[in-house]
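A.B. asks: Just so we're aligned: 659 in the working numbering is position 655 of the sequence shown, and the numbers increase by one with no gaps anywhere.
Just so it is clear, CB atoms sit at the ideal spot from N, CA and C, and this is done for glycine as well.
Computed from a predicted structure; not experimentally measured.
Here it is, the structure in full.
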Amino acid sequence: MRHDPPTTPTVDVVDDYHGTPIADPYRWLEDLDDAAVAAWVAEQNRASEAWLDQTPSLRQDLVTRMRELIDWPRRSAPSRRGARWLWLANDGLQDQDVLVTADAPDGEPRPLVDPNALSEDGTVALAGASVSHDGERLAYALSSAGSDWMTWHVREGATGEDHPEALSWAKFSGAAWLPDGEAFCYGRFAAPAEGEEHEAANQGHQIWLHRVGTPQTDDVLVHHAPNDPRLVFSPQVTDDGRWLVLTGSRGTERVNGVWLADLAGLDDPAQHPEELAAAVRPLLADFDALWGVVDSEGEELLVVTDLEAERRRVLAVDTADPARRRELVAQDPVDTLADVARVGDRLLVRWLHHARSRLTRHRLDGSPEGEVALPGLGTVGAISGTREDRQAHLTFAGFTQPASLHRLDVDTGERTEVWRPALAFDPERLTTEQVGVPSTDGTTVPAFVVRRGDLDLEAGDHPTLVWGYGGFMVPVTPMFSAWWLAWVERGGVLVVPSLRGGGEYGTAWHHQGKREHKQQVFDDAIAVIDWLVAQGWTRYPRVAITGRSNGGLLAGAVLTQAPERLGAALPEVGVLDMLRFHRFTIGWAWASDYGTSEDPEELRWLLGYSPLHAVSPGTPYPPTLVMTGDTDDRVVPAHSYKFAAALQAATPAQAGPILLRVETRAGHGAGKPTSVVIEERADALTFLLRALGAAPDAEEASPGA
5 MRHDPPTTPT VDVVDDYHGT PIADPYRWLE DLDDAAVAAW VAEQNRASEA
55 WLDQTPSLRQ DLVTRMRELI DWPRRSAPSR RGARWLWLAN DGLQDQDVLV
105 TADAPDGEPR PLVDPNALSE DGTVALAGAS VSHDGERLAY ALSSAGSDWM
155 TWHVREGATG EDHPEALSWA KFSGAAWLPD GEAFCYGRFA APAEGEEHEA
205 ANQGHQIWLH RVGTPQTDDV LVHHAPNDPR LVFSPQVTDD GRWLVLTGSR
255 GTERVNGVWL ADLAGLDDPA QHPEELAAAV RPLLADFDAL WGVVDSEGEE
305 LLVVTDLEAE RRRVLAVDTA DPARRRELVA QDPVDTLADV ARVGDRLLVR
355 WLHHARSRLT RHRLDGSPEG EVALPGLGTV GAISGTREDR QAHLTFAGFT
405 QPASLHRLDV DTGERTEVWR PALAFDPERL TTEQVGVPST DGTTVPAFVV
455 RRGDLDLEAG DHPTLVWGYG GFMVPVTPMF SAWWLAWVER GGVLVVPSLR
505 GGGEYGTAWH HQGKREHKQQ VFDDAIAVID WLVAQGWTRY PRVAITGRSN
555 GGLLAGAVLT QAPERLGAAL PEVGVLDMLR FHRFTIGWAW ASDYGTSEDP
605 EELRWLLGYS PLHAVSPGTP YPPTLVMTGD TDDRVVPAHS YKFAAALQAA
655 TPAQAGPILL RVETRAGHGA GKPTSVVIEE RADALTFLLR ALGAAPDAEE
705 ASPGA
């Protein structure tokens, strides 16, 4: 049964941008609490459901296969505090990961925090956790329905009992325990006005000290920046318990400041928190570079920075005189330094070599001790270990292999695989290669190509999915995704390019795809599509573009700029209204990559690619499924609502379809229940397979049906 999307009413709203009138006919869809918007969303979902359900056996087959591909045990690298080991675990189909504890890294785990017991629909998630230095207390944060807002609680490790307090309106910050385990620092905002929890701009971030067993009203303000309300702070306490470090950045801008308090010079910060607040002083507050504190060594901080090193290096910075700095690990001539872990008396340095991981060991003075052998083309996950440990733990994953667990002897560099999940597929049947694609300015853009080993690329005409991000200096490295695997199993080709704007090649690579150069990101993606067709691997009606968040912007921009090159588009939780993104929640923070419409010159950049404003009436846009969540308070769903409405109004009846799928009680992605992920990814695959004519199903209708 056909159910067309509703015709969306328009309103007469015209804004004046520096003398340029710009209409916003779907402004009414920004009111997320309006009953009319809720009714419109319900109609859109009914239309999407009807289209997707035209091939019910295909859809159900994909649900079944997604469930099989996700149903394998998962775990993070274990970390130690005191005598207690902790890690995240999931038996496969649990809606939420469980924080477990054990007496050894390979010991029998016991649940410490199980969010699955906290809601019937599985939408309460563990959003953060911090363990006291002795391992006896846990601060853990819960979020609901995918919201970025989280509430901190305190649990005793030995008994599993909670203290009575609940610390609300926390966001964008972890928690850092003081050495005695009686108090911790955390970041939060002032409570938003009722009804504005998902739209109000998040500014005025603050670091507070909470003493265990006391109400939040007794918390003491440790640090904030009333004259710079866009600073967002993150606390950490060095592994020796000596220094409280506060890192402050203006949203997603890749420069930051560092503030410091010497805990050794204070009597009892938990009892006299005002002394802690007074002790906080600026250390690196010129905002001239990226400064990431790894740990301390005596009177020095070990810091990763891109100061005079676009691919980053490691310095030792004197806490008494930050101008006194020693270089420990120099910038590499080719590879980008991704992060550093201090374990025992070694530094473990993870590098990006053409977007894939390599790992080196160094003494604390920076002298190199060689490369750690890794099991292939993939990504080293977070490295765990303390200064008392002689062994580190890490995960390693690739496009065709989910994360396995490895133990590293930091003295010898010997790596041992200690755990690998049982899988419902044979990774040996799949292959990953990396190719170089010339972009519009002659720059080579690397791209990973994942396919079945028995698939002959030269035979051509393969349905091809291009997934990209290209922003905020975020590197895209090999990662495992069950829905990508399901795509490849069915004969699809997956292409993941390292677009400009990312962090694969350091600061310059980022700058070439931000602000006035943002169009280069979309040019890179279109160049990749053209190259794939030129190789004879596919043809334009068999190519789809997709991405999430900033990657949703990518998908929307490529769709509106080059619709003739696509057989389908799948923009997810995308930033799509580039003139108003900065008005909602944390959107203002993205100006470092985009600029804002408040500035006339930046308005010109934004109008050059804003997907919402690039929609052209009468254009035969290819089949498009816009996806979002109704409680997304990162990229508010109004972006997707307005973009879908504009596309539906512009697309002739013989083209499309243009569909909007809105997940209820779901946010930007974090904390989404496994059961919801399975249904959502199956729908995405159903759409792509049908839209690209790759669904060998007897019930299949034409893409425009």
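Just to confirm the assignment, what range does the alpha helix (DSSP H) spanning VAL45 have?
C.D. replies: Per DSSP, VAL45 belongs to the alpha helix (DSSP H) from 39-56.
A.B. asks: Does the beta-carbon distance from GLY599 to GLY578 come in below 8 Å?
C.D. replies: Not closer than 8 Å, so no.
A.B. asks: Can you give the Cα-Cα distance for LEU213 and LEU73, rounded to whole angstroms?
C.D. replies: The alpha-carbon atoms of LEU213 and LEU73 are separated by roughly 43 Å.
A.B. asks: Considering only their Cβ atoms, is the gap separating ALA51 from LEU663 smaller than 8 Å?
C.D. replies: Yes.
A.B. asks: In three-state terms, what does DSSP make of ILE387?
C.D. replies: In the structure shown, ILE387 sits in coil (DSSP, three-state: anything other than H, G, I, E or B).
A.B. asks: Return the CA-CA distance between GLY389 and SER83, expressed in angstroms with no decimal places.
C.D. replies: Using only the alpha carbons, I get a separation of about 6 Å.
A.B. asks: Might you give, ordered along the chain, the residues of its own chain that have their beta carbon closer than 7 Å to the beta carbon of ASP99, omitting 5 neighbours on each side?
C.D. replies: The answer, listed in chain order, is ASN120, GLY126, PRO677, THR678, SER679.
A.B. asks: Mapping DSSP to helix, strand and coil, what is MET5?
C.D. replies: Model confidence at MET5 stands at a pLDDT of 44, short of 50, so the residue's coordinates are unreliable and nothing is read from them.
A.B. asks: Let's test the definition: count the other Cβ atoms within 10 Å of the Cβ of SER706 and tell me whether it reaches 16, buried, or not, exposed.
C.D. replies: Per-residue confidence for SER706 stands at a pLDDT of 36, beneath the threshold of 50, marking its modelled position as unreliable; the derived number appears in the next sentence. When all chains shown are included, SER706 counts as exposed.
A.B. asks: Our contact map puts VAL478 next to GLY496 with C-beta atoms below 8 Å; I'd like the distance itself, whole angstroms only.
C.D. replies: Between GLY496 and VAL478 the Cβ distance is about 25 Å, and since that is not below 8 Å, they are no contact.
A.B. asks: Pull up the DSSP beta-bridge partners for ASN554, would you.
C.D. replies: Paired residue(s): none; ASN554 is not in a bridge.
A.B. asks: What would DSSP say about MET70, mapped onto helix, strand or coil?
C.D. replies: Here MET70 sits in helix by DSSP.
A.B. asks: Drop a sphere of 10 angstroms on the beta-carbon of ARG114, count the other beta-carbons inside from all chains shown, and report buried for 16 or more, exposed for fewer.
C.D. replies: The residue in question, ARG114, is exposed, as its Cβ has fewer than 16 Cβ neighbours within 10 Å.
A.B. asks: Where does TRP153 sit, in a helix, a strand or coil, going by DSSP?
C.D. replies: DSSP places TRP153 in coil when its eight states are reduced to three.
A.B. asks: Assuming TYR625 is part of the beta strand (DSSP E), what are its boundary residues?
C.D. replies: Note, TYR625: premise wrong, no beta strand (DSSP E); not H, not E.
A.B. asks: Using only alpha-carbon positions, find the residue among LEU103, ASP339, ASP393, ASP152 that is nearest to ALA87.
C.D. replies: Taking only the C-alpha atoms, the option nearest ALA87 is ASP393.
A.B. asks: Within 10 angstroms of the Cβ of GLU257, are there 16 or more other Cβ atoms? Answer buried if so, exposed if not.
C.D. replies: Burial call: buried.
A.B. asks: Which runs of the beta strand (DSSP E), 3 residues or longer, sit entirely within the region 371-447?
C.D. replies: As far as the region 371-447 is concerned, its whole beta strand (DSSP E) runs of at least 3 residues are 372-376, 395-402, 405-413, 419-423, 434-442.
A.B. asks: For a test of the three-state rule: what should DSSP assign to LYS175, helix, strand or coil?
C.D. replies: Strand, per DSSP.
A.B. asks: Which one or two residues does DSSP pair with ARG367 in a beta bridge?
C.D. replies: Beta-bridge pairing links ARG367 to ARG350.
A.B. asks: Using a threshold of 8 Å, state whether the C-beta atoms of TYR190 and LEU171 are closer than that.
C.D. replies: In this structure, LEU171 lies closer than 8 Å to TYR190 by Cβ.
A.B. asks: At a cut-off of 7 Å, would you count ASP244 as near the ligand NAP, judging by its Cβ distance to the nearest heavy atom?
C.D. replies: What this structure holds is no ligand at all, so the ligand NAP is not there to describe.
A.B. asks: Which of helix, strand or coil does DSSP assign to GLN275?
C.D. replies: The answer is coil: DSSP assigns GLN275 none of H, G, I, E or B.
A.B. asks: Looking at C-beta atoms only, is the number of pairs between the region 653-662 and the region 590-599 that lie closer than 8 Å three or more?
C.D. replies: The answer is no - the region 590-599 does not touch the region 653-662, with fewer than three Cβ pairs under 8 Å.
A.B. asks: How big is the Cα-Cα spacing for HIS617 and LEU611?
C.D. replies: Using only the alpha carbons, I get a separation of about 7 Å.
A.B. asks: Starting from ALA695, trace the alpha helix (DSSP H) in both directions and tell me its first and last residue.
C.D. replies: That run of the alpha helix (DSSP H) goes 678-695.
A.B. asks: Can you tell me whether LEU225 is buried or exposed, with buried defined as 16 or more other CB within 10 angstroms of its CB?
C.D. replies: Exposed is the call here.
A.B. asks: Per DSSP, which one or two residues make a beta bridge with ALA106?
C.D. replies: Per DSSP, TRP89.
A.B. asks: For ALA702, collect the residues of the same chain with a Cβ closer than 7 Å to its Cβ; drop the 5 residues on either side in sequence, then sort them by chain order.
C.D. replies: Unreliable positioning characterises ALA702 in this predicted model, as indicated by a pLDDT of 33, which lies under 50. The coordinate reading is nonetheless provided below. So no residue of the chain qualifies.
A.B. asks: Between the Cα of THR11 and those of LEU319, TYR30, GLU418, spot the shortest distance and give me the residue it belongs to.
C.D. replies: Closest by alpha carbon: TYR30.
A.B. asks: Go to VAL284, then tell me how far its beta strand (DSSP E) extends in each direction, as first and last residue.
C.D. replies: Segment: none, VAL284 is in no beta strand (DSSP E) and carries neither H nor E.
A.B. asks: At 4 residues or longer, what runs of the alpha helix (DSSP H) sit wholly inside the region 642-667?
C.D. replies: Correct list: 642-654.
A.B. asks: Give the single residue among THR383, ALA39, ILE590 whose Cα lies nearest to the Cα of PHE193.
C.D. replies: Residue ILE590 is the option with its Cα nearest to PHE193.
A.B. asks: Beta carbon of TYR544, beta carbon of ARG569: below 8 Å?
C.D. replies: Contact flag set, yes.
A.B. asks: Quick one: is ALA27 buried, meaning 16 or more other Cβ sit within 10 Å of its Cβ, or exposed?
C.D. replies: Burial call: exposed.
A.B. asks: Can you name, in chain order, every residue of its own chain whose Cβ lies under 6 Å from the Cβ of GLY370, other than the five neighbours on each side?
C.D. replies: Taken in chain order, the residues that qualify are LEU332, VAL333.
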